[in-house]
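Numbering of the sequence shown is given in my numbering, commencing with residue 9 and proceeding in unit increments. Note that CB positions come from ideal geometry on N, CA and C, so glycine has one too. These figures come from a predicted structure and were not determined experimentally. Taking it in order: structure first as C-alpha cells, then the write-up.
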Amino acid sequence: MKLKNIKCLLAVCLCASALLVGCGQKTDSKTADKSETSSESAQNQSDDIQEASRDVFAMDTYMTVTAYGENAEAAVDAAQAEIERLDALLSTGDADSEIAKLNADGSAELSEDAGYLTERALELYQETDGAFDIAIYPVMEAWGFPTQNFQVPSQETLDQLLPLTDAGNISYDKETRKISFGVEGMKIDLGGIAKGYTSSRIMDIYKDNGITSGLVNLGGNVQALGTKTDGTKWKIAVQSPDDTEDYLGILSVQDKAVITSGGYERYFEQDGVTYHHIIDPKTGYPAESGLVSVTIVSTDGTLADGLSTSLFIMGEEKAADFWREHKDEFDAILMSDDGTLYVTEGMENDFSTERTVEIIR
C-alpha cells in the first residue's frame, strides 16, 4: 500500500498567476518556501503600499495569508490568530476540540462558529440530496484518511457503518445551538467547509483593518479581497488533475473564493487499485461520478468549499442541473475523466484556457 501525495503550491500574489491546488493532506515543508513567490509580485504594489504575508501550518495543510495596506501587518496577525483559533475549535484529531468532544459525547451546545457551520452543513445536505454529509466521518475513519493509516474496509464493515452516516439523523436547534445524534456511534467532521469558512472570516478581518486588497490560500482554498493594488483582477491558475506542474486554465477574479476538489488530492493504492478520499455517502466508497476535478467560484467561501465536494460526487449532469437551480450563488469548472472541460456561463469571460471547453448554460 502506498500513499500518493501531490505537491501543494501556495497561491501567492503573482503578477502572472497563483496556482490553485485543492489539498487536504500534509505537504512537504518546502511548499511554504518563499521561492514559490515570483519576483514579479513586487509589481503588485506601489512603493507606498505596505505588504504583509505569512505562511501558517494549520488544518493539516500549509496556508498563506497576504494583505496590502496601512494595517497589513495587524491584519495578517489577526488572520493567523483566527486560523489557529478555528483549527483548535473544529479539529476532529484534537481530543480537546469542540467537535471531538461532541463526537465522544453524542450531544453538545455548540459555539457560535461550530453552530453556524453545522447549520450551513445541514442546509447543504438537504440541497445536495445528501451528497454533502458531515456524518460521513465514521466511514472516513474506516478508510484511514483522517490518520493516514490507509486500508480498504470490508463490505461488512461499511454495511455496519453506513447507517451512522446520515446527517438526517442529526438533531440541531439553531436558536440554542444544541446538537445531538439520533444514532449511537455517529460522528461528524466539519472539515468539508471549515477552510472555506475560515477564508471568509479572514476577509472580514481584512475589512475590519481597512484592507481592500488581499489574498488567502488555505491549502488550495483561495479567496481574494478586492483587486490587486494596480486595480487588475487576481489571476488564479486551476490545477490540472493529470499533472501537478500543469494547470487547466487561468481564472480572473475579484472578491471571490476559488475552491477545487479532486480525487488526485489525497489517495492511496492497494493491490494495484487507487482509492481517493472523496467518499460517496450512499455507497461508502470513493465516488465514481465521471468527474476528476471540480472548481467552485463564489463570493461565499463556505458555500464554495461544500459544493466543490458535492458536485464532484454528483457527476457532470446532476452538477449542471444543480448549477442551473443556483446559478446566482456560484459558478463551476468541471473536468470529466475523458478530459472534457465544462465551464458554467458565468465564468465564460473570466476563464482562459488552451483546452476545448463546453459551456454549461
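Y350 sits in a strand when the DSSP states are folded into three classes.
Scanning its chain for C-beta atoms nearer than 7 Å, with the 5 sequence neighbours on each side dropped, one finds around K241 the residues T235, S260, V261, Q262, in chain order.
Nearest to G314 by alpha-carbon distance, out of I142, A89, I57, is I142. The Cβ atoms of A75 and V84 lie closer than 8 Å to each other. Judged by pairs of C-beta atoms under 8 Å, the stretch 313 to 329 touches the stretch 199 to 211, as three or more such pairs exist.
With distances taken between CA atoms, R62 lies nearest to I91 out of D68, D56, I91. Annotated three-state conformation of P294 is strand, per DSSP.
Residue pairing of I258 in beta bridges, as defined by DSSP: A245, S360.
Nearest neighbour of Y145 by Cα position, chosen from A87, P154, L299, turns out to be P154. Under the three-state reduction of DSSP, M67 is assigned to coil, being neither helix nor strand. In the assembly as shown, A89 is an exposed residue. Its beta-carbon has fewer than 16 other beta-carbons within 10 Å. In this structure, D329 sits away from M355, with a CB-CB distance that is not shorter than 8 Å. F276: member of the beta strand (DSSP E) spanning 274 to 278, first to last residue. Looking from the CA of V64, the closest CA among W151, G323, R93 belongs to R93. In the three-state DSSP reduction, Q163 falls in the helix class (H, G or I). Here the alpha carbons of V305 and T361 stand approximately 16 Å from one another.
Sequence-distant partners of L166 (beyond 5 residues in either direction) whose C-beta falls short of 6 Å from its own C-beta, in its chain, are G292. R363 and L223 have their C-alpha atoms some 27 Å from each other. Between the beta-carbon of A87 and that of I213 there is about 5 Å, and that keeps the pair under the 8 Å contact cut. Residue state for V147 is assigned as helix, using DSSP reduced to three classes. Short of 7 Å from the beta carbon of Y255, and not among the five residues preceding or following it, lie these beta carbons of its own chain, in chain order: L27, A245, V246, Q247, S248. Taking all protein chains shown into account, P289 has 16 or more neighbouring C-beta atoms within 10 Å of its C-beta and is therefore buried. DSSP, reduced to helix, strand and coil, places V191 outside both helices and strands of the structure shown, so it counts as coil.
Rounded to whole angstroms, E135 and V73 show a C-alpha spacing of 31 Å. Looking at the backbone, the Cα of L125 and that of A327 are separated by about 23 Å. For the pair T310 and I57, the CB atoms are not nearer than the 8 Å cut-off. Taking A60 as the centre and dropping the five residues before and after it, the same chain places the C-beta of A75, A80, E81, V84 closer than 6 Å to its C-beta, in chain order.
Per the DSSP secondary-structure output, M211 pairs with nothing in a beta bridge.
C-alpha of G218 to C-alpha of D358: approximately 27 Å in a straight line. Straight-line spacing of the CA atoms in E325 and H285 works out to 22 Å. Rounded to whole angstroms, the separation of the alpha carbons of M67 and V147 is 20 Å.
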